[in-house]
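For the sequence shown, position 136 (counting from the first letter as 1) is numbered 141 according to the working numbering, and the numbering increases by one without interruption.
We put the beta carbon where it would ideally sit given N, CA and C, even for glycine.
Since we're looking at a predicted model, the values are computed, not measured.
First comes the structure, then the notes that go with it.
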Amino acid sequence: MSLAQVARAGAIVDLAGLLETGEVDGVGVDFLSWGFYAPKPWRNWLHTHSFHEVCLAYAGEGTFTVDGTAHPVTAGDVFIARPGDVHEIISSREAPLGIAFWGVALQRPMDPGAGGSGIGERGWWSGLTRADGPLVSRSLGTLPEVVVALAEEAATPRSGYRARLQALGTMLVLETARAFASDADLAIGAVPADRTTPAVAAMDRYLADNLERPLRVRDVAAVVHLSERHAARMFAGHTGVPIMARLRALRLERAARLLLETQEPIGQIARACGYPEIRAFITAFRRAHGQAPGAFRRNRGTWHLDAEEDARR
């Protein structure tokens with residue numbers, strides 16, 4: 006996406022009243038202002054804010070002065086005035102400056118006990134909170150795309166707009182903070198890539214979704230693109246049971262539910278649970294539940310110690 010598309014994002018001003026608060030990584034956020042200046046000669050005089058004001062220049066050039074120090078800015082720059090910074094922006098007359106801007110304030114973690122990182126430690130938020138951080142950056146990341154998407158949603162809200170605005174607001178805060186954060190502030194340790202749990206979950210879900218079909222280990226292994234041997238070892242190591250044992254358990258659990266919750270014939274239940282032969286189904290069911298399917302249904306799943314003879318029927 007080019008900066009030229011930001012030039013059509015004037016509807017960002019309509020976010021006032023639509024996107025006012027949010028939460029990013031456990032940190033509360035207030036969205037306090039939204040603005041858009043077309044590329045015409047302009048100047049906003051010296052002023053200050055109690056929040057972070059961020060400007061994305063999409064056209065032209067100008068001067069951003071903070072506490073008496075002038076910083077040239079041009080299309081492709083994002084620049085920030087932190088709380089208390091006395092600042093002003095002067096657009097060039099020859100190449101007028103066009104900007105989209107937003108104001109945000111970070112609050113304390115909304116729920117410190119829920120894993121929120123909190124303000125004060127090194128992290129993405131340092132780009133906003135560090136007083137010695139840069140004031141101008143060209144590390145835009147996906148800021149242009151986010152700004153355009155926010156403006157489009159504000160211009161024509163549709164069903165689900167609140168959820169989408171919240172998601173885009175999160176991205177806006179993260180990309181804004183990252184633009185001014187140092188590499189050291191953003192660095193994290195290596196994220197462990199444990200692919201075992203998702204693969205086992207996918208295999209287990211495949212079993213549950215295909216109980217009525219004839220399955221082999223190779224069918225299940227193919228779902229996670231592993232060899233039969235590797236898949237079988239991974240599954241058993243993670244769950245404590247072999248794949249086919251898990252399949253039998255799932256089939257017989259389903260059969261028990263169907264016997265108690267429906268009036269379907271036992272033969273039909275057997276086929277729905279992957280047993281085309283009713284005799285094999287009865288044998289497997291009795292082994293798992295201590296009763297033949299008919300007795301299990303009559304006893305509503307309760308095993309009576311004096312009902313062994315009934316269980317054999």
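Bridge partners - residue i, DSSP secondary structure assignment
i      : result
GLY108 : SER38, GLU58
THR70  : ALA75, GLU93
SER142 : VAL83
GLY27  : VAL34
ASN49  : ILE94
ALA172 : Answer is none; ALA172 lacks a bridge partner.
GLY103 : ALA64
Beta-carbon proximity list for residue i, same chain, < 7 Å, skipping 5 on both sides
i      : result
THR175 : GLY27, VAL29
ASP137 : none
GLN171 : GLY27
ALA267 : It is worth fixing the name first, because residue 267 is Thr in this sequence and not Ala. Around THR267: no qualifying Cβ.
Where the beta strand (DSSP E) containing residue i begins and where it ends
i     : result
ALA21 : From DSSP, ALA21 is part of no beta strand (DSSP E); its letter is neither H nor E.
Beta-carbon spacing of residue i, residue j below 8 Å
i      : j      : result
LEU37  : VAL91  : no
LEU8   : PRO149 : yes
PHE41  : GLY108 : no
PHE127 : ASP82  : Here the sequence assigns Arg to residue 127, which means Phe is not the residue at that position. Taking 8 Å as the Cβ cut-off, ARG127 and ASP82 do not qualify as a contacting pair.
LEU212 : LEU255 : yes
ALA184 : SER144 : yes
ARG251 : ASP188 : no
Close Cβ partners of residue i (< 8 Å) along its chain, the five nearest in sequence each way excluded
i      : result
HIS76  : THR68, PHE69, THR70, PHE84, LEU140, VAL141
LEU231 : ALA204, MET239
Residue i versus residue j - alpha carbon distance
i      : j      : result
LEU216 : TYR166 : 39 Å
GLU66  : ALA105 : 13 Å
ALA160 : ALA154 : 10 Å
TRP129 : GLU99  : 37 Å
ALA186 : VAL229 : 39 Å
HIS294 : ILE248 : 20 Å
ALA206 : GLY306 : 29 Å
ALA156 : LEU173 : 10 Å
GLU258 : GLU269 : 16 Å
ASN304 : ALA277 : 22 Å
Continuous alpha helix (DSSP H) stretch holding residue i: start and end
i      : result
VAL11  : VAL11 -> no alpha helix (DSSP H), and no H or E assigned at all.
ILE271 : 271-277
GLY132 : 131-134
LEU191 : 188-191
Cβ-based neighbour list, residue i, same chain, cut-off 6 Å, excluding 5 preceding and 5 following
i      : result
GLU58  : ALA86, GLY108
ALA275 : ILE283, PHE286
Residue i CB to nearest heavy atom of the ligand HEM below 7 Å
i     : result
GLY81 : Annotation note on the ligand HEM: not contained in the displayed structure, which lists no ligands.
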